[in-house]
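Some notes on the structure that comes next.
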Amino acid sequence: MLTRRQLLQRALYGANFLHLRALVTGIPAAVLAATSARGARAAAAGVAAGGQYVLFSSSGAGDPLNANVPGCYDDPNINHSTDPSMAATKISLAGKQVTAARVWSTLPASMLDTACFFHHATFTSGHPDEAKVLRLQGAITKGEMLPSLIASSLAAQHGTVREQAICFGVDGVFHRGLLQPRLSPSALANALNTPGDGLGDHNLLTLRDDTVDKISAWAKAQGKAYQRDLVDRFATSRQEVRTMQGQLLTALQAIRGNDATSQFQAAMVLFKMNVCPSVVTSLSFGGDNHDDQNFGGEVNAHRNAIALLAKLPEMAATAGLTNKVTFAATNVFGRNLAVQNTQRGRDHNANHAVSLIIGSGVRGGVVGGPGLSERGNEYSAQPVDVATGAANPRGDVAYGDLFASYGRTLCAAVGVPAADIDDRIRSGRTIAAVLQG
Amino acid sequence: MGKPFVRFGHQGRRLPLLLLLLCTACVGNGAQRSGNDGGGGDVAAGPFEPDAPRTYVTKVKTLLTGGVPAADELAQVERDPGALAPLVRGWLASSPSRQILLDFFADAFQQSQASADGLGDLYDQQNTPDPNLVLNLRESFARTAQAIADRKEPFNAVATTQRFMMTTAMMAYYAYTDTSGRDDTYKVNNRWYAANGNLAVTLVEKRGPVTLTAAANPQSPDYLTFYVPNLHALFTANSNATLEADELAGCAATDPLRLDRSTSDGGGAMLVANLYRLLSGNGVSVKKPSVRDANQTYRCNVQGSALPFLTSTDYNDWREVTVRAPAGTEMPSTFFDLPTLRASTTLLMDSVRVGYFTTPAFLAQYPSNVSNSSRATANQALIVGLGGQVDGSAQLPLTFPTAIDPEHAANPACFACHQSLDPMRQYFRQSYSVTYSKQTDKKVYLYPAGFSFGGTTGAGEGVGDFAQQIAQHPAFAAAWVVKLCSWATSTPCLPTDPEVLRLAADFQANNLDFYRMAEQLFSSPLVTYAKPTLSARTNGKQASIARRHQLCAVLNARLGLTDVCERSRQRDDGGNNVPSRTASMAGDLYVRGGSAPLYLTTPDPFYANQLENVCALLASTQIDVKDAPWATSDALDAALARIASDLLGLSEQEAPDVVALLQAHYDAAFAASKSASRALRSTFVAACRSPLVAGVGAL
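First to last, the protein sequences are chains A and B. Oh and the first sequence: position 91 is 91 in the numbering used here, straight run, nothing missing. Oh and the second sequence: position 619 is 1619 in the numbering used here, straight run, nothing missing.
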């Protein structure tokens, strides 16, 4: 006996139907077939070999993620909270002993062994520049954003329903020049359920999709290229929603909140169902903490964020995605570190930031580190030796190339092919020392 | 308002707006800057293909009213393309268009995304506005701008006006925020409490009615005595869950209930905040001595929602109110003097309110602090008023000592932006503290405020002078042509486009008459694509999804409904109705530091499915219903014809092909469901979710 979902898929993906859809929408049958195959794989919850699913965190607040990580405990002039959770503590990253805030030691050893703390600079201290930072300050070709570049590449590998990342935590993510909506986890299920009043009956759904396609085909026959393009985009969205309904809907209904935990949970569902290759969330490590006495807000946010990260392997395993999910966090900028500049809290720092990558493509380690700037009053990211990733004032990865190098390294860690990286990121060097294999 | 406006000069050259690059802080060495802040649109390729009247008349009428053009309207334009302008004039005057423009203004003046939390962080940080007040505050300046446009006042008055559309509830809120604020050290600075600290607020029931006029009159024996007819019932178990029964009874038996420095929760400094809470129905806590231990107190919590002071009328009595400083012996308006506020069109405030950039809704989205020091506020005000921002490009040097942060001045990478932003933030700093309360620190006057943007420089004091700089700036006219054009096309219109410049010159030459500009714009090839423009050639022609406000307008107009996205109550199996469904659909969006708004143009699966659900809800309320059905299955031919003409907007010549498709759907749906109503509703949904309804410019 066929399930409702199987019926739906049979109706949607029958060869004749594909041919009809191609005929009326103008979308090549091959494209529809590819999308259909993605949907079929989604139904089986199978995961294609190859790249990772990427849980991307971005923040326009400029969180103090750069303040308490490995590399920031070697200089006594770098200010930390006196809270015990921020005390200098030895941790092991894939066998390398480093010093970081104690709270980082609460991550499972297996995560630390696949965690890379990448010191760089985002070259801005303005909150509004998050979009530019997501574009690696122009280092990516065609104005694409890092999560979107990764999503495009990984979508092809996974055969996901959507090529675009789904955005929970951030406004203003563009994919191939088109703005992506910001969604909330709790609203996802609501946004996918079928109509009531008997109109959600699968026979009627199928009939309506067919009729809308025919009306669309009629409209396309009257329109110009730009109008036909919009009509086709409507057709694509209708196809995607049918693929995402069913099992996905049930799984998402359990998610009630919109906080970071809910965003992570929803991401796992979307990955499990092979809906999208990447989800953009926002995980706070302390926010815009100008006024943060003894960094109390920073401490609490670090505790909460790292506690959530520690659950990531279990969440991935529950979704059948062990070693298939990479977490990557980037902030619009870092924050001041020097004791003399952080008495009240931390102001913006254009010249030092840290991005975090945790995933099975990473060999744990630290890339670069902070050094006092020329004027000696605040910290900047230091150049790096490309072979080792170690900070070195005379390193062959210059200060100005560090951020692009982070982007390249992240892409490599999640499975973006090297040729694509070379083609799309026009500066920087991949730091192979923190990559597996 | 400070010293008279001082103008140092303007270069007198035509300046492109600074739309793309942004710079609100210093940029470190080694930076590679991106010139692309995103945006949709199809990059133009090949020769320009002009659109026909069938396409652009439909698009323009849909944009302005949600409706579809009548056959004779289309015929007029087909005969004479010049006939579009008078049609646009008529559509702009229609009731749907006025609502559409209100939505545009609320977004364009960056008022619509204000949140209760953000508002709660302003001023004394003691009161978070109630939901109805938040809606008032978001809507107020849009109404103000529309009033300016309606009376053909030069539209640059949006920067300088001190006449705001307000409700009584808003007036009380403004007056309250003028009374109670915080200084730059975050210390509460409460003018009314300082003068009246020994007084008490008394709530009474048993003694009988006291007028609000008497309660607000310092000469009355009933000054600050408020009659609450159901006072004893306001101490509910729900709002006092931690109290023992005898304590709760003690609360209910307290009449008169006296709030003073010893009984007011939070002490005397909170007395004023608590009085405002009472007025706005937020409830308060009152400390009482414990019946068991004379050294202990417990709190009686008044259930605020039943308080009788601000009524629903007070949130809907919109009128223009002049906000000005008290003159001579006048005193600032009293926030709890509701009878006077209700009858007044003048609000007296110590703190200056001028233009779009001093409204609580604007300021709540751009909080300041000691570090930011209102730079972001000034920059955002430039974005709204002039369509550009300080970006580090060469500006005219100011010819007077300026207040540039020494740390940033020493760094060339920072100096480029800070040389403009730091003097500019002084306008705000001189008027407001970090919580946007009235500035009380005289040190902010050590340096004059200075304006340097887009070739214009000047000096002055306070936000009043900043307003003049915005209003008089040569980029103002073009900025508003670009804003409205970009909204209409969902893709950036270029400030260097000769057609934009032509419209801007006309706008300027005609007293900045907003409606004249709108009429010209919507009949211009910038929007119609009837001829090539630089913008269309550069960014491509764009057809878009109907974003939330547009979709609501379309559904209202084509189904003959009113406020369907606000008022429709029919719920589906998931408990959702049209308002809740549309609320989560893509809307127009602006972001901090973004020179241009963000317009979603592409349907995503979530949009597509919400659309289907909205259409299904409407089918259930419009098809085969008892009262005034939009269509019935008893008259199937007429129903299908109406779907084709009224909903899809098809002409007599176009309709038959699509009606045949609808008929085929109906037949198949009837066969599947055995229900004529369900079959027709399904047919309606199929049409409703097509790009002809949910797309702008799709046909």
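We treat Cβ as the ideally placed atom computed from N, Cα and C, and that holds for glycine.
Item: Taking beta-carbon pairs under 8 Å, can you tell me which members of the stretch 1546-1575 of chain B lie near chain A?; Value: Asp-1572, Asp-1573, Gly-1574
Item: Just to confirm the assignment, what range does the alpha helix (DSSP H) spanning Lys-1483 (chain B) have?; Value: 1476-1489
Item: Of all the CB atoms in chain B, is at least one closer than 8 Å to the CB of Ala-42 (chain A)?; Value: Here the model assigns Ala-42 (chain A) a pLDDT of 36, short of 50, so the residue's position is not dependable and the matter cannot be decided.
Item: Could one say the Cβ of Pro-1495 (chain B) lies closer than 8 Å to chain A's Cβ atoms, at least one of them?; Value: no
Item: At a CB-CB cut-off below 7 Å, which residues of chain A make contact with Ser-1371 (chain B)?; Value: His-290, Asp-347
Item: Would you list the one or two residues that DSSP bridges to Tyr-1227 (chain B)?; Value: B:Val-1204
Item: Can you tell me whether Asn-77 (chain A) is buried or exposed, with buried defined as 16 or more other CB within 10 angstroms of its CB?; Value: exposed
Item: For a cutoff of 8 Å on Cβ pairs, would you count Ser-282 (chain A) as touching chain B?; Value: no
Item: Going by DSSP in three states, Ser-1673 (chain B) sits in which element: helix, strand or coil?; Value: helix
Item: If we ignore side chains and look at the alpha-carbon of each, how far apart do Ala-404 (chain A) and Ile-358 (chain A) end up?; Value: 18 Å
Item: State the Cα-Cα distance for the pair Val-434 (chain A) and Gly-361 (chain A), rounded to the nearest angstrom.; Value: 9 Å
Item: Which residue or residues does DSSP assign as beta-bridge partners of Arg-1700 (chain B)?; Value: Absent from the model: residue 1700 (chain B). The displayed extent of chain B is 1001 to 1699, so no value can be given.
Item: In three-state terms, what does DSSP make of Gly-371 (chain A)?; Value: strand
Item: Tell me whether Val-1060 (chain B) counts as near the ligand FAD, meaning its Cβ is closer than 7 Å to at least one heavy atom of that ligand.; Value: By its list of ligands, the structure shown contains no ligand whatsoever, and the ligand FAD lies outside what it can speak to.
Item: Output needed for Val-231 (chain A): all residues of its chain with C-beta closer than 6 Å, excluding positions within five of it in sequence on either side, in chain order.; Value: Ser-216, Ala-219, Lys-220
Item: For the stretch 1124-1157 of chain B, list every residue whose C-beta sits within 9 Å of some C-beta in chain A, in sequence order.; Value: none
Item: At the 8 Å Cβ level, is Glu-1612 (chain B) part of the contact set with chain A, yes or no?; Value: yes
Item: In the DSSP output, which residue or residues are listed as bridge partners for Leu-1386 (chain B)?; Value: None; Leu-1386 (chain B) has no bridge partner.
Item: Going by the CB atoms, is the gap between Lys-1287 (chain B) and Asp-1255 (chain B) shorter than 8 Å?; Value: no
Item: 8 Å is my cut-off, CB to CB: does Phe-1542 (chain B) come that close to chain A?; Value: One point to set straight first is that residue 1542 (chain B) is Gln, not Phe, in the sequence displayed. Closer than 8 Å: yes.
Item: Ordered along the chain, which non-local residues of its own chain (more than five positions away) have a Cβ less than 7 Å from that of Leu-270 (chain A)?; Value: Ile-166, Cys-276, Val-279
Item: Using a beta-carbon distance below 8 Å, is Pro-1053 (chain B) in contact with chain A?; Value: no
Item: Could you compute how far the alpha carbon of Ser-1351 (chain B) sits from the alpha carbon of Thr-1185 (chain B)?; Value: 18 Å
Item: Starting from Ala-187 (chain A), find everything on chain B with Cβ-Cβ shorter than 7 Å and list it in chain order.; Value: Ser-1584
Item: Checking the sheet assignment: what are the DSSP bridge partners for Leu-356 (chain A)?; Value: A:Phe-117, A:Ala-329
Item: Under 8 Å, with one C-beta from each stretch per pair, do the stretch 1192-1199 of chain B and the stretch 1144-1154 of chain B reach the 3-pair mark?; Value: no
Item: Assign Ile-255 (chain A) to one of three DSSP states: helix, strand, or coil.; Value: coil
Item: Is the distance from the Cβ of Leu-1648 (chain B) to the Cβ of Ala-1608 (chain B) below 8 Å?; Value: no
Item: Let me know the secondary structure DSSP gives Ile-166 (chain A) once reduced to three states.; Value: strand
Item: Between Glu-298 (chain A) and chain B, is the shortest Cβ-Cβ distance under 8 Å, so that the two count as touching?; Value: no
Item: I want to see whether chain B comes within less than 8 Å of Tyr-226 (chain A), judged by CB atoms only; does it?; Value: yes
Item: Using a Cβ-Cβ cut-off of 8 Å, state whether Lys-272 (chain A) counts as contacting chain B.; Value: no
Item: Using three-state DSSP, classify Gly-1450 (chain B) as helix, strand or coil.; Value: strand
Item: Would you kindly check if the distance between the Cβ of Leu-1275 (chain B) and the Cβ of Arg-1261 (chain B) is under 8 Å?; Value: no
Item: Contact check, Ser-81 (chain A) vs Asn-294 (chain A) under 8 Å by CB: the rounded distance?; Value: 5 Å
Item: So what does DSSP say about Ala-1416 (chain B), is it helix, strand or coil?; Value: helix
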